[in-house]
Amino acid sequence: DQPNNAVSLNVFNPGEIASTAGTSGVVYGVLGDVNYDPKSRVNTFAHANYTTDLDRLGVLLCINGTGILNAWVHRNITPDVSYADMNDLAASVPIGSDGVKIIPFGNGAERVLENKEVGCSIRGISFNKHNRAHIVRAAQEGIVFSFCYGMEIMQQMGMDIKNIHAGKANMFLSPLFRDTLAGVSGATIELYETDGSAGAAKGAGIGAGIYKDHNEAFASLKKLAVIDPDEANRSAYLEAYSAWKEELKKL
Numbered sequence: 001d002q003p004n005n006a007v008s009l010n011v012f013n014p015g016e017i018a019s020t021a022g023t024s025g026v027v028y029g030v031l032g033d034v035n036y037d038p039k040s041r042v043n044t045f046a047h048a049n050y051t052t053d054l055d056r057l058g059v060l061l062c063i064n065g066t067g068i069l070n071a072w073v074h075r076n077i078t079p080d081v082s083y084a085d086m087n088d089l090a091a092s093v094p095i096g097s098d099g100v101k102i103i104p105f106g107n108g109a110e111r112v113l114e115n116k117e118v119g120c121s122i123r124g125i126s127f128n129k130h131n132r133a134h135i136v137r138a139a140q141e142g143i144v145f146s147f148c149y150g151m152e153i154m155q156q157m158g159m160d161i162k163n164i165h166a167g168k169a170n171m172f173l174s175p176l177f178r179d180t181l182a183g184v185s186g187a188t189i190e191l192y193e194t195d196g197s198a199g200a201a202k203g204a205g206i207g208a209g210i211y212k213d214h215n216e217a218f219a220s221l222k223k224l225a226v227i228d229p230d231e232a233n234r235s236a237y238l239e240a241y242s243a244w245k246e247e248l249k250k251l
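Residues 1 to 251 in full-length UniProt numbering are what the sequence shown lists, from first letter to last.
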């Protein structure tokens, strides 16, 4: 399904990245040479346009604790508000959630942690300072930070992550999630109106010769939004991410 999703987003060439953020989350990037992570924290396999003469390999990062964490927070912390209102609550709190950190790995073992099952934890809460808005923001930040933690592994493999393509759905509907991902990763995010089924159909069309190449196949792909990194707040995002990684090291 992830190669299909990448194809639907016109991701074919080295350095191009596709992402999803549903119940679980995925960052899927294309490499132009044969490489892999010796610890199998991310997985490498042939991408849809791989040939014996053209190395096009997909590198897949999966984070199990993505939208399922946001849904848990909705059910248990903010059942009285909509997801859109949750985003507004989170936006009322500064970057870094005033020190609240959520480790989002509560949906089973995570490959990015070498198959360890560390569970989800909420850390740094002060009963005198924090409220549910801090938890809502810390959840979204924790998901983004786990994405970026895995993306660092992909970068160590030689992947240059400058542009992330995603469908406008699930967690990518949240402006805070998008802004945080762009702010920490330094990548521009492009949102499109598409899904994996369109990728399967377009890929089949390319293979059957209905389209001469992927440029023709995706000429009608509709870009909905572009989110550039907020350079003014970049240091705040990176400081929050660094503090989150320090908490992760303690587990």
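A virtual CB, placed ideally from N, CA and C, is assigned to each residue, including glycine.
| query | result |
| --- | --- |
| Nearest-angstrom Cα separation, counted from Asp-55 out to Phe-105 | 33 Å |
| Pairwise C-alpha distance: Phe-172 and Gly-96 | 19 Å |
| Ala-90, enclosing alpha helix (DSSP H) - first and last residue | 83-91 |
| Nearest-angstrom beta carbon gap, Pro-175 and Asn-87 [assumed within contact, 8 Å] | 6 Å |
| Three-state secondary structure (DSSP) of His-165 | strand |
| Buried/exposed call for Phe-127, threshold 16 Cβ in 10 Å | exposed |
| Rounded C-alpha distance that separates Asn-131 from Leu-248 | 22 Å |
| Span of the beta strand (DSSP E), counted from its first residue to its last, around Ala-6 | No beta strand (DSSP E) contains Ala-6, which is instead part of the alpha helix (DSSP H) from 2-8. |
| Exposure of Phe-45, with buried meaning 16 or more beta-carbon neighbours within 10 Å | exposed |
| Among Asn-43, Lys-129, Ala-208, the one whose alpha carbon lies nearest that of Pro-94 | Lys-129 |
| Environment of Gly-158 [buried if 16+ CB atoms lie within 10 Å] | exposed |
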